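Worksheet: one structure, shown below.
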Amino acid sequence: MKRMKKIGALLLALVMVLSMAAGCGSKAAESAEQPKDAAGTKSEAADDTKSEAADNTASTGEKTKITAWMGSWWESEVPRLKAGFEEKYPEYELTIECLPINNYIEAAVTSILGGNAPDALALDGLMVATPVGQNLLQPMDDFMSRYGWEQDQFSPGAMKNGIMNDTVYAVPYRTAPNAMFYNKTLFDKAGLPYPTDNMPLDQFLETAEKLTNASEGVYGYGIAGSKNDPANVITSLGCFLWSKGGDFLTEDMTASAMDTAESVEGVKFWSELYTKYKVVPEGCINYAISADLIPMAQNGQLAMVPIDAVSASSMDEYAKKNGFEWDMCVAPGTEDRAAAWLWTIPTGAKNVDGAEKFIDYFLQPEVLADQDVVMPAVIEAQSIGVWTDPLYEAFWRADANAKKFPPLTPQWNEIQNIVITGLQNVLQGAATPEDACKSMSDEINGLLK
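Numbering of the sequence shown is given in the numbering used here, commencing with residue 1 and proceeding in unit increments.
Structure below.
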């Protein structure tokens, strides 16, 4: 991993300025992006040389502009990222636009098709396949090679989110495993042992039943069915669907797998937590994990629920306020979703060279670890700073366990909408799991033809 030689860079810049002052023209140094050397470390030239843009900046006073799109939750980090990048690359002016999650991918696709693409675009793993299918993202294998990045430097599940047809289209900066929150006080009250990593599903169900006390507004678990946050629904269903051996599509992604016996069993187990066993609260059809279930857990109403690292970081405050103790473990079952956010470069980006420099800068372990917004996907960053806190131990175990993810197909957005509609029909009692899965498959197969 390269490290910037600040003193060398400053001396080089001083020499360049003095040379110009003396009337001596200079050519641009070779591109800063150099392959790894034989020892496996990035070359000194990749840190210390300047691109042609740097010479142009010195002679004209104009900076090359770079734009990057990220989620709105990065707003507080923008000043740090901008200052750090522009200090390292003074020839560039960086603008980071932070957008809300609602209609994020639609806005991104529209901007690319309209010729107004950002240079660097952050995407959720579930979003990557749509623009790839429309040839709207540039392959990033060359970026990986030029800057000396290897796939094994990233969380495996997160990295797989960016690969389609053996081509890297997106490089992960965030890994987003969910752990399972559990309220120790409610377990103690029920006289139950605490859950453990990968709890068998039959034991999980039995435990959730014993923890549920609807008359007191306490439920064993929470599931999400809201169309307003599709990713939350897929996360909610995923560990049960995959643990039962089901999946959304066949392995070759040419047909639906939702009507297989295994997938039907996964949907049945998930939905019956509400329709039959009543271990989840009313209203789950309109619930999202982050917006609805986590606040219920914070108030002591849910004994178990999927939880992300951001929500976990503030749980102590609510536990103290509402008088409960809590902990986390890996989700029940054998499989869970590998979620991620990744950097991409759209086709039509006006400054690919600048985008690559920014992405490489952003991924440096010391840069990526110097925030507490998201869990870093770069493995070296995971052992730096706040990310070594015991709070995250369950998440790193969950990260190693998270190997499944929705199919990387251009039709995924439509497929997940079909699936969620079918799931809602089951939750409402409008269809059986068998009938809903058959209907889902018919619609999905129609899309894939």
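Backbone N, C-alpha and C fix where the C-beta goes; we use that ideal spot for every residue, glycine too. These numbers were taken from a predicted model, which means no experiment stands behind them.
If the criterion is Cβ atoms closer than 8 Å, does the pair V310 and G84 meet it? no
Exposure of P200, with buried meaning 16 or more beta-carbon neighbours within 10 Å: exposed
Identify the residues that DSSP records as bridge partners of T337: which are they? First, the amino acid is wrong: residue 337 is Arg here, not Thr. DSSP, once it has assigned bridges, lists K404 as partnering R337.
Beta-carbon proximity of S236 to I289, cut-off 8 Å: yes
Y169 beta carbon less than 8 Å from that of W343: no
Tell me where the beta strand (DSSP E) around P172 begins and ends. 171-175
If we call anything under 8 Å between Cβ atoms a contact, is G354 one with T95? no
Work out the CA separation of F395 and D232 for me, nearest whole Å. The amino acid occupying residue 232 in the given sequence is Asn; Asp does not appear at that position. Rounded to the nearest angstrom, the two C-alpha atoms are 17 Å apart.
If you draw a straight line from the alpha carbon of F240 to that of P100, how long is it in whole angstroms? 29 Å
Is the beta carbon of N161 less than 8 Å from the beta carbon of F405? yes
Kindly identify the DSSP beta-bridge partner or partners of S256. L249
Chain-order list of residues whose beta-carbon lies under 7 Å from that of W326 (same chain, five-residue window excluded): F181, Y182, N183, K184, M315, A319
Do A291 and D229 have their C-beta atoms within less than 8 Å of each other? yes
Note the first and the last residue of the continuous beta strand (DSSP E) segment covering I384. No beta strand (DSSP E) contains I384, which DSSP labels as neither H nor E.
Burial state of W149, where buried means 16 or more other Cβ atoms lie within 10 Å: buried
Leaving out five residues before and five after E335 in sequence, what residues of the same chain have Cβ atoms less than 6 Å from its Cβ? W242, S243, K404
Length-filtered (4 minimum) alpha helix (DSSP H) runs lying within the segment 70-141: 78-88, 104-113, 129-133
Contiguous alpha helix (DSSP H) assignments of at least 4 residues, all confined to the segment 141-215: 141-146, 156-160, 184-190, 201-211
Tell me which residues share the same chain as E97 and place their Cβ nearer than 8 Å to its Cβ, disregarding the 5 neighbours each side in the sequence. T67, A68, W69, M70, P118
Under three-state DSSP, which class holds P35? With a pLDDT of 32 at P35, under the threshold of 50, the modelled position of this residue cannot be trusted; read the value that follows with caution. Three-state result, P35: coil.
Look up D327 in the DSSP assignment and give the residues it is bridged to. Y182
For I415, name the three-state secondary structure that DSSP assigns. helix
So V305 is in the beta strand (DSSP E); what residue range does that whole segment cover? 304-307
Between the C-alpha atoms of G115 and A261, what's the straight-line distance to the nearest angstrom? 46 Å
Secondary structure of I234, DSSP reduced to three states: helix
C-beta atoms of V373 and W341 nearer than 8 Å: no
Backbone CA spacing between I444 and G422 [nearest angstrom]: 11 Å
Given this structure, state the Cα-to-Cα distance separating Q153 from L137, to the nearest angstrom. 22 Å
Okay, do the segment 207-214 and the segment 271-290 touch, 3+ Cβ pairs below 8 Å being the bar? yes
Kindly list the residues whose CB is nearer than 6 Å to the CB of A296, restricted to its own chain and excluding five residues on each side of it in sequence; keep chain order. A small correction: the amino acid at residue 296 is Met; Ala does not occupy that position in the sequence shown. Excluding residues within five positions, the ones whose Cβ falls inside 6 Å are L302.
K321 burial status per 10 Å Cβ neighbour count (16 or more: buried): exposed
Backbone CA spacing between A257 and P407 [nearest angstrom]: 11 Å
Residue burial classification, Y194 (beta-carbon count within 10 angstroms, cutoff 16): exposed
Ignore the nearest five residues each way along the sequence and tell me which others in E206's own chain have a CB closer than 6 Å to its CB. none
Please report the straight-line C-alpha distance between A158 and V426, rounded to a whole angstrom. 31 Å
The alpha helix (DSSP H) with V218 in it runs from where to where? No alpha helix (DSSP H) contains V218, which DSSP labels as neither H nor E.
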